[in-house]
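> The structure's right below; bear with me while I get my questions together.
In UniProt numbering, the protein residues as written are 1 to 583.
In structure tokens form, the structure reads like this:
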């Protein structure tokens with residue numbers, strides 16, 4: 001039923017009262033005449049209305065063409081839907097922004113200046129957030145008597161910067177207006193020293209390792225599984241008792257730490273390197289940067305903003321498996337010097353696990369075993385791109401804080417139990433295996449998150465000084481990944497809390513928004529390949545509007561066909577005009 005028919009019905013209903021008012025006399029004649037007159041009048045009114053109703057679209061159709069006119073209507077409707085949808089989303093933006101930013105900024109701010117407040121971040125905590133999860137509420141909500149301030153807990157060992165330090169007075173900038181806030185975690189400003197000053201800040205001697213002074217590793221050529229809980233030939237199947245003893249920190253310790261079949265990692269250990277690579281990995285370096293891609297899962301990201309000093313003195317190592325090697329060779333990316341840009345490629349043979357992500361945990365957590373003569377290391381996951389100089393990162397997160405291990409907090413979650421449920425909901429791992437791991441930790445005394453505890457980590461960046469206590473920490477963390485699931489976020493807090501309960505040692509858990517300042521997260525390869533390729537920019541002139549000639553109603557306009565010769569000439573002129581417009 002068209003709009004015109006609806007309009008006619010409205011008018012016809014309006015004329016009925018006039019028809020009933022008939023003049024007395026010859027009723028049949030008068031009534032018939034009046035009916036005829038009314039119908040004639042109404043017909044004229046109808047026709048006039050319909051002509052007015054159709055006149056405006058006809059003008060547009062003549063000017064732009066009916067197809068273009070209908071397209072304009074569709075575009076206008078789409079814009080209307082978009083505006084209404086954005087208004088609806090904007091109502092949720094503020095609450096979501098508060099929730100996301102709380103997960104980024106609410107916890108410890110271990111800045112060296114030790115400032116008791118941060119005016120740039122206090123706006124985030126002015127209102128209570130309504131969440132169903134009680135653990136998340138405990139982690140994020142402040143009481144009303146906090147007066148829109150948030151408590152900053154200082155990190156153990158953090159030094160107070162002198163007043164003349166360039167970053168001594170650094171604070172977060174004021175928040176953006178509500179209409180400019182974006183949903184989701186975002187980077188925040190970080191105060192870095194210039195590269196030359198950062199290099200001058202490097203400690204001349206290693207940090208002291210609390211309690212533990214001598215750490216050695218288990219060597220077992222024929223590991224045998226004796227208990228039902230996980231493990232592997234590569235990790236050595238440590239028993240429950242051996243696992244328990246490894247958390248009892250002593251001056252001298254021997255623990256499982258991967259590579260158990262040989263005393264020298266990389267040679268017939270199940271995670272093998274070429275002999276030329278083994279020799280290079282044994283060399284001394286003050287600092288290295290490392291990453292890995294297994295299962296051809298990610299695209300190699302080239303670091304940016306790297307100083308000449310770092311390019312000269314800091315090697316960048318990328319560990320890949322044979323599947324990834326075949327791909328980059330096929331793409332002619334890998335040259336004869338085993339380099340892809342800044343990255344020195346190290347191919348791993350005989351990977352120990354069928355799960356590519358679990359294989360990636362070997363270099364991530366056991367860099368001190370692969371590089372026995374390195375002082376500092378920066379690990380970034382394969383999907384991340386480094387965009388800040390390594391010297392500046394180490395100065396900001398280790399040297400300035402008097403720390404020897406730094407890792408970012410999770411961008412949203414704080415509690416292991418909440419993280420486990422999120423992993424199950426997202427299908428990150430087999431649900432029964434996640435439940436088994438969490439139940440095991442519960443029996444060992446793992447409790448929900450509280451303000452007295454540190455939160456969990458996202459685990460994609462590790463900044464580490466290679467000393468016995470940090471090496472023990474990553475060894476025991478790897479043993480949990482080897483025994484249970486490969487989701488290292490679940491095991492991190494358990495290992496950290498057990499070690500911190502034994503010795504006076506702490507981790508610099510910096511903010512997730514600070515992590516996003518020096519690394520850029522990209523998509524995995526499978527998502528990148530699904531994206532359409534970028535459209536080449538081609539300059540085209542807009543089409544000319546159709547002729548504005550008025551057509552005579554009732555007459556048909558016949559167009560003369562141009563001759564083929566004339567048509568070819570016009571076509572040639574248009575093509576030359578298009579080619580000129582593209583240059």
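Note that CB positions come from ideal geometry on N, CA and C, so glycine has one too.
1. Under three-state DSSP, which class holds residue 444?
2. Could you check whether residue 392 and residue 521 sit closer than 9 Å to each other, using their CB atoms as the reference points?
3. Go ahead and pull the three-state DSSP assignment for residue 242.
4. Would the segment 206-222 and the segment 457-464 be scored as touching if the rule is three or more Cβ pairs under 8 Å?
5. Pick out whichever of 431, 466, 480 has its Cα sitting closest to the Cα of residue 441.
6. Starting from residue 490, trace the beta strand (DSSP E) in both directions and tell me its first and last residue.
7. Nearest-angstrom Cα distance between residue 120 and residue 378?
8. My output table needs one value for residue 376: the three-state DSSP class, helix, strand or coil.
9. If you measure between the beta carbons of residue 349 and residue 317, is that distance less than 9 Å?
10. Nearest to residue 257 by CA position, among 515, 476, 503, 491, is which residue?
11. Assign residue 333 to one of three DSSP states: helix, strand, or coil.
12. Which of the three DSSP states, helix, strand or coil, is assigned to residue 508?
13. Which residues does DSSP list as the beta-bridge partners of residue 589?
14. Hey, would you say residue 359 sits closer than 9 Å to residue 273, going by beta carbons?
15. Please determine if the segment 241-261 and the segment 299-314 are in contact, where contact requires at least 3 C-beta pairs separated by less than 8 Å.
16. Of the choices 367, 353, 389, 280, whose alpha-carbon is the least far from that of residue 302?
17. Looking at C-alpha atoms only, which residue of 364, 335, 77 is the closest neighbour of residue 464?
18. Locate the alpha helix (DSSP H) running through residue 199, then write down its first and last residues.
19. Taking residue 189 and residue 173 to be in contact with their CB atoms under 8 Å, please state how far apart those CB atoms are, rounded to whole angstroms.
20. When you compare only the Cα positions, how much space is there between residue 226 and residue 449?
21. Could you have a look at residue 584 and say whether DSSP puts it in helix, strand or coil?
22. Leaving out the 5 sequence neighbours to the left and right, which residues in its chain are closer than 6 Å to residue 293 when beta-carbon positions are compared?
23. Does the distance from the CB of residue 484 to the CB of residue 433 come in under 9 Å?
24. Can you name, in chain order, every residue of its own chain whose Cβ lies under 8 Å from the Cβ of residue 250, other than the five neighbours on each side?
25. Could you check which residue in 396, 470, 501, 490 has the C-alpha nearest to that of residue 192?
26. Is it right to say residue 198 is buried, meaning 16 or more other beta carbons lie within 10 angstroms of its own, or is it exposed?
27. Per the contact definition of three or more C-beta pairs closer than 8 Å, is the segment 489-504 in contact with the segment 283-290?
28. Between 247, 239, 246, 232, which has its C-alpha nearest residue 261's C-alpha?
29. Along the chain, where does the alpha helix (DSSP H) containing residue 276 start, and where does it finish?
30. Round the Cβ separation of residue 518 and residue 362 to the nearest angstrom and send it over; I've been treating them as touching at under 8 Å.
31. Hey, would you say residue 470 sits closer than 9 Å to residue 373, going by beta carbons?
32. Leaving aside the five residues before and after residue 236 along the sequence, list all residues of the same chain whose C-beta is less than 7 Å from its C-beta, in chain order.
33. Spell out the partners DSSP gives residue 318 in its beta bridges.
34. If you measure from the beta carbon of residue 228 to each beta carbon in chain D, is any gap under 9 Å?
35. Pick helix, strand or coil for residue 396, following the three-state DSSP scheme.
36. Give a yes or no on whether the C-beta atoms belonging to residue 297 and residue 356 are separated by under 9 Å.
For this structure:
1. coil
2. no
3. helix
4. no
5. 480
6. Element bounds for residue 490: not the beta strand (DSSP E) but the alpha helix (DSSP H), 488-502.
7. Summary for residue 120: the model assigns pLDDT 37, below 50, so the residue's position carries little reliability; its value from the coordinates is reported in the next sentence. Cα to Cα, residue 120 sits roughly 29 Å from residue 378.
8. strand
9. no
10. 476
11. coil
12. strand
13. Look at the range of the chain in this structure, 1 to 583, and you will see that residue 589 is not part of it.
14. no
15. no
16. 389
17. 364
18. 195-200
19. 6 Å
20. 34 Å
21. The shown model of the chain, from 1 to 583, leaves out residue 584, and the question about it has no answer.
22. 320, 324, 382
23. yes
24. 211, 212
25. 396
26. buried
27. no
28. 232
29. 275-281
30. Wrong, their Cβ atoms sit about 24 Å apart, outside the cutoff.
31. no
32. 218, 220, 223, 256, 260
33. 291, 345
34. Note that chain D does not occur in the displayed structure, where there is just one protein chain.
35. helix
36. yes
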